[in-house]
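Protein chains in written order, with my numbering: chain W, 1 to 114; chain C, 1 to 111.
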């Protein structure tokens, strides 16, 4: 158990819909990262928040947005969903703002868009 | 543009033998490298890391080797155990670059 929690574990929805994925970092960690893993793909970095502020942005679509709240939990909002958005979404947390801090990953949320 | 490449999607090794997982990178700004292990239905877990000032780092059965001139790193597992069967991700970071992950190599250790 990494100490990072993600809800829900599974999510099935339809194209065009909007969903929210939630992540609670390890106690004491200030950074939260979001990754997408599609079939046969590596972990694609989406976005990082550090202590409530956006720190780094990766290949995140405009239809996706995220935020980190004062209690440091984070939410990833995916809207106007398409079939290609079906993937595993991982959240990770770390103590500081970036490497060489180890990132601790949650178990992921599997999103299926029908 | 895949800056971190794991060209072998899968690898099978007999229990007790050595497993060698390879990773290549293209960005010369990378100066910190990591390996993560992932079991099905779980998130990746950190395994071992190496800074570019070193060429080898060892932790028990796991050793990572870095060849900066070739932009290549490898993970050696000796001896391999069935519990090592998992997907292994190589990752790299450096400068202002975020941590960039490879596509993973699925290791199967056969009893």
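Don't be surprised by glycine CBs; every beta carbon is placed ideally from N, CA and C. If you're wondering where the values come from, they're calculated on a predicted model, not measured in any experiment.
Between residue 97 of chain W and chain C, the shortest Cβ-Cβ separation is not below 8 Å. Taking 8 Å as the threshold, the shortest C-beta distance from residue 41 of chain W to chain C falls below it. Secondary structure of residue 106 of chain W (DSSP, three-state): coil.
Residue 69 of chain W sits exposed, since fewer than 16 C-beta atoms from the chains shown fall within 10 Å of its C-beta.
Using a Cβ-Cβ distance cut-off of 8 Å, the region 10-19 of chain C and the region 50-62 of chain C are not in contact, since fewer than three pairs of beta carbons, one from each stretch, lie closer than that value. Interface annotation, residue 98 of chain C: in contact with chain W, CB-CB separation under 8 Å. Pairing residue 29 of chain C with residue 63 of chain W, the inter-Cα distance amounts to about 31 Å. Residue 12 of chain W sits exposed, since fewer than 16 C-beta atoms from the chains shown fall within 10 Å of its C-beta.
Sequence-ordered contacts of the region 102-114 of chain W with chain C read 102, 103, 104, 105, 106, 107 and 108 [C-beta pairs closer than 8 Å]. Only exposed fits residue 9 of chain W, as fewer than 16 other CB atoms lie within 10 angstroms of its CB.
Contact between residue 22 of chain W and residue 93 of chain W is ruled out by a C-beta separation of about 13 Å, above the 8 Å threshold. From the listed residues W:32, W:36 and W:38, the smallest Cα separation to residue 54 of chain W is found for W:32.
Looking at the DSSP output, residue 29 of chain W shares a beta bridge with no other residue. Contact annotation: in the region 53-76 of chain W, residues whose CB is within less than 8 Å of a CB in chain C are 56 and 58.
Excluding five sequence positions before and after residue 72 of chain C, the CB atoms of its chain that fall closer than 6 Å to its own CB belong to 24, given in chain order. Rounded to whole angstroms, the gap between the alpha carbons of residue 88 of chain W and residue 81 of chain W is 14 Å.
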